[in-house]
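Chains as they are written, first to last, in this note's numbering: chain H, 247 to 362; chain X, 247 to 362. We put the CB at the ideal spot given by N, CA and C, even for glycine.
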DNA sequence: AACGACTATTCCCGTCAAAGAATATTTGCG
DNA sequence: CGCAAATATTCTTTGACGGGAATAGTCGTT
């Protein structure tokens, strides 16, 4: 699977990720903020960790969980593949391309690639 | 939930979305391409449709399913909130913004898109 | 070493969702 | 109107997953 999306399917995990956007947090604090019991938080964090969304830094007895950038990058790259679908700017881009095609003439391309 | 992510958690649905990237497809063709039985394809399409990822155009007895741009946009916007996390270029950008703010005086346009 | 704070793991249970098979529904055509 | 193609829906079973409660593990302090 291209990106570990399924880990975010769970609402509480999405909330955890949202919370971690504000910076690394220890398990207990996450539980407080989201009104979740500690074991559930640990379990969700485990899933998120195995999916690559978070990582833990050990500080004394605490584990400070923080977001990892990689899956976000991956997701962004995946979205890029669909850009022509949803990006409004694609239309402008298409127009420009069309214009270039006309200016250049079709079929033979006499200019070649010597645009530079 | 911000975006209908859970619908994409299912591997086969992710595959269906991937297939539809190549253009609208009728149910039967999707089943062929992905080696899925027709009822499952219909069921998955139903979920995707209710989540807003696809829409169907009726052509004779066929239903041609196509991707809808909205959820992709939504997902992109969600990603934007995490940009400082994963986008390496964020640092440069922040510098530019800072520079503009200084030059212009009062701040403006807090959420502009990058012009690539 | 013992204790306390913090976190992880295990076990049980209820729920939900996906697959399979069978059937119903829609639409065009003769 | 009745048939065939294409798709949707129902029913059932089974496996996965989340929550609760209890327990185990880790680390610093004394």
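Residue-level contact by beta carbon holds for residue 255/H and chain X, with a gap shorter than 7 Å.
The C-alpha of residue 251/X lies about 14 Å from the C-alpha of residue 263/H. Among the residues of chain H, none has a CB under 8 Å from the CB of residue 308/X; the nearest is roughly 21 Å distant. For residue 332/X, the residues of chain H that pass the 8 Å Cβ criterion are 315, 316, 318, 319 and 322, in the order they occur in the chain. Annotation: the continuous alpha helix (DSSP H) that includes residue 322/H extends over 316-326. Note that the stretch 325-332 of chain H does not touch the stretch 285-295 of chain H; fewer than 3 beta-carbon pairs, one per stretch, sit closer than 8 Å. Annotation: the continuous alpha helix (DSSP H) that includes residue 260/X extends over 257-266.
Under the Cβ criterion of 7 Å, residue 294/X is not counted among the residues facing chain H. Looking at the DSSP output, residue 330/H shares a beta bridge with no other residue. Apart from sequence neighbours up to five positions away, the residues of its chain that approach residue 320/X with a beta-carbon distance below 6 Å are 249, ordered along the chain. Around residue 283/X, the same chain offers 277 as residues with beta carbons nearer than 8 Å, after the five sequence neighbours per side are excluded. When Cβ-Cβ separations below 7 Å define contact, residue 311/H makes no contact with chain X. Exposure of residue 342/H is indicated by the presence of fewer than 16 other C-beta atoms within 10 angstroms of its C-beta.
For residue 308/X, the secondary structure class from DSSP, reduced to helix, strand or coil, is strand. Inclusion of residue 270/X and residue 297/X in the CB contact set at 7 Å is not warranted, their separation being larger than that value.
In the displayed model, residue 285/H falls within a helix according to three-state DSSP.
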